[in-house]
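In our numbering, the protein residues as written are 284 to 741. As structure tokens, the structure follows; a few thoughts come after it.
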Amino acid sequence: MFSYLHRGKDFYREVFALALPMIFQSLVTDSLRLLDTFMVGLLGETPMAAVTLANIPIFVIYLMTFGLQSGESILIAQFYGKGDTDSVNRVMGIALYLAGGLTFAFGCILFFAPVPFMSLFGNDSGVIAQAARYGKIVSFSFLFDSLAQVYIAAHRSMGRPKLGSWILSGAGVVNAILNYLLIFGKLGLPAMGIAGAALATALSRLLELVCVLFHALAGRTFPLRPALLLRPGRDMLHRYIRYGTPVLLNETLYGLGNSLYTTIMGHMPLSQAILAAYGISGNINQVCTVIVFAMSGAASIIVGREIGAGRRETVYDVGRALDTVAFLAGAVTGGAFLVVTYRFFVPVVYPIFSLSPQAREIATLMSVVTFSTLALRSFNSTNVVGVLRGGGDVKMTSLIDLGPLWLVALPCAALSGLVFQWGILAVCLSMALENVVKFFLGLWRLHSGKWIRDVTEE
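If you want it as structure tokens, here you go:
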């Protein structure tokens, strides 16, 4: 029954080799982000809620740029599998144009109209004012980050994930140090509070771009061809639009949907406590699940390369093996951190933050729901983002990803949180319902075999 798992040591060794740098990168960056959250949390519950509110639109733009990178990765993985380096340069050029234009426009909105924009996501004037201050300072940092991420994603798609690990981890360390210096005013610097956290973020993202430019100019691992980057051609643009646009729309709508969860929380009674708890539990949960979700990145690379190299007959079993490993990893990780939540997070970690007792209870509840459904989330992430999307099935992948969110989970969350006012537990369970529906839809599509497509063909 599980004969597809017998793929030899080399297969699992390669999965581990691809996932390990992503795990390291995510572990370092998410841990440092948690440290940043802790430092902002020391300022009080209102600044913590303000950063959480500001991160609603920031999360959307992050997922939009991730969608551009995902469209880029689908094409690059298969072109690189064929040895077509000219096409790899052309794909990177298109991604740089699109990501740069998108994040520049977003930066202009945050810089010139921060208060009206942030008012769309909450109803507490004090929280909105601080969120707007934070957003204005970080506004154009997303341009730096998006250009760096396009380059890093290209190298990751070519089987070189270590580059991103070192650059992003190094920038994360700098961000944490600057946060400490600028938030609290150390080494003679002024104590800037939440504005210091924003300035630290902006400077660390500028450092990311500088490191990427230095690596690109060195050209030791993959030589760039400026003529192809600057003029990628209409044929490649059409190909990118065909396979990248569904992914971009997918990630944009997915980010918007997830941001609506936070918006629902921001309009519930006790919204300040809920937002503060969501900001802390979300960061802790990200640190605890990095091993699970690194699988989706490794899966996308492996599946895309197998198809690009012409080994279509093995792709189906490779996909099943990757999904099964992801499900088991999620079950083990989720069970372990349910124990850790009550033995460590509740008695040791949560009291460190300047939260009300009610906010601590909400943070605990959110963590329990997250870890209880982690096996499903792990399977869905690897199956949808890694296997199906890596196989070129971008349109059906978007339907599977967005349908459960917009048609099931969000309506249930809005009704339970805003209409019937059943409380935050009902909202969290509504959010978890998305993964239940997505699991069965993704499993059906995987077994159909119709997701295996060569995107490099005309």
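Just so it is clear, CB atoms sit at the ideal spot from N, CA and C, and this is done for glycine as well.
- Here the alpha carbons of Ala-436 and Met-679 stand approximately 23 Å from one another.
- Taking 7 Å as the cut-off, the Cβ atoms of Ile-477 and Gln-413 count as close.
- Contact check for Gln-352 and Val-433: beta-carbon distance about 6 Å, within the 8 Å limit, so the pair qualifies.
- In this structure Leu-621 touches Ser-655 by the C-beta definition: roughly 7 Å separates them, less than 8 Å.
- A straight-line Cα-Cα distance of about 29 Å links Gly-538 and Ser-639.
- Here the alpha carbon of Pro-529 sits roughly 15 Å from the alpha carbon of Ala-382.
- Cβ neighbours of Leu-712 within its own chain (closer than 7 Å, five residues either side excluded): Val-652.
- Taking 4 residues as the shortest admissible run, the region 660-716 contains the following complete alpha helix (DSSP H) segments, listed from N- to C-terminal end: 677-686 and 693-697.
- Put simply, the backbone Cα of Pro-399 is about 25 Å away from that of Ala-696.
- Look at Gly-516 here: in three-state DSSP terms it is coil, with no helix or strand label.
- Taking Val-677 as reference, the option from Gly-354, Phe-294, Met-305 and Ala-332 with the minimal CA-CA separation is Gly-354.
- The criterion of a C-beta distance shorter than 7 Å is not satisfied by Gly-673 and Glu-534.
- Look at the beta carbons and you see the region 507-526 touching the region 362-377: at least three pairs across the two are nearer than 8 Å.
- For the set His-289, Phe-362, Leu-701 and Gly-366, the Cα lying nearest the Cα of Arg-522 is the one of Phe-362.
- Counting along the chain, Thr-386 sits inside the alpha helix (DSSP H) bounded by residues 368-395.
- Comparing alpha carbon positions, the residue from Arg-603, Phe-427, Ile-339 and Lys-365 closest to Phe-404 is Ile-339.
- Counting the other Cβ atoms within 10 Å of the Cβ of Asp-293 gives fewer than 16, which makes it exposed.
- DSSP, reduced to helix, strand and coil, places Leu-403 outside both helices and strands of the structure shown, so it counts as coil.
- Straight-line measurement puts the Cα of Asn-458 at about 20 Å from the Cα of His-498.
- Within the model, the alpha-carbon separation for Ala-609 versus Gly-468 is close to 44 Å.
- When DSSP assignments are scanned along the region 584-624, the uninterrupted stretches of alpha helix (DSSP H) that are 4 or more residues long and fall wholly within it turn out to be 595-623.
- Judged by pairs of C-beta atoms under 8 Å, the region 660-675 touches the region 572-590, as three or more such pairs exist.
- Pairing Ile-563 with Ala-646, the inter-Cα distance amounts to about 7 Å.
- Annotation: the continuous alpha helix (DSSP H) that includes Asp-428 extends over 424-440.
- In this structure, DSSP gives Met-551 a state outside helix and strand, which the three-state scheme calls coil.
- For Ala-474, there is no enclosing alpha helix (DSSP H), as DSSP marks it with neither H nor E.
- Arg-296 is not a Cβ neighbour of Ala-604, given a cutoff of 7 Å.
- Annotation for Leu-464: Leu-470 and Leu-472 place their beta carbon closer than 7 Å to its own, counting only its chain and skipping 5 residues before and after.
- Burial of Arg-488 is indicated by the presence of at least 16 other C-beta atoms within 10 angstroms of its C-beta.
- CA-CA distance, Val-702 to Gly-686, rounds to 22 Å.
- In terms of Cβ geometry, Cys-494 and Ile-450 form a close pair [threshold 7 Å].
- According to the DSSP assignment, Thr-348 belongs to the alpha helix (DSSP H) that extends over 328-365.
- Only residues of its own chain outside the window of five on either side were considered, and among them Arg-508 and Leu-511 have a CB closer than 8 Å to the CB of Asp-369, listed in chain order.
- Distance from the CA atom of Thr-665 to the CA atom of Ala-300, rounded to whole angstroms, is 16 Å.
- By the neighbour-count criterion, in which a residue is buried when 16 or more other Cβ atoms sit within 10 angstroms of its Cβ, Asn-406 is exposed.
- A distance below 7 Å between beta-carbons, with the five flanking residues on each side excluded, links Ala-337 to the following residues of its chain, in chain order: Met-401, Ala-414, Tyr-417 and Gly-418.
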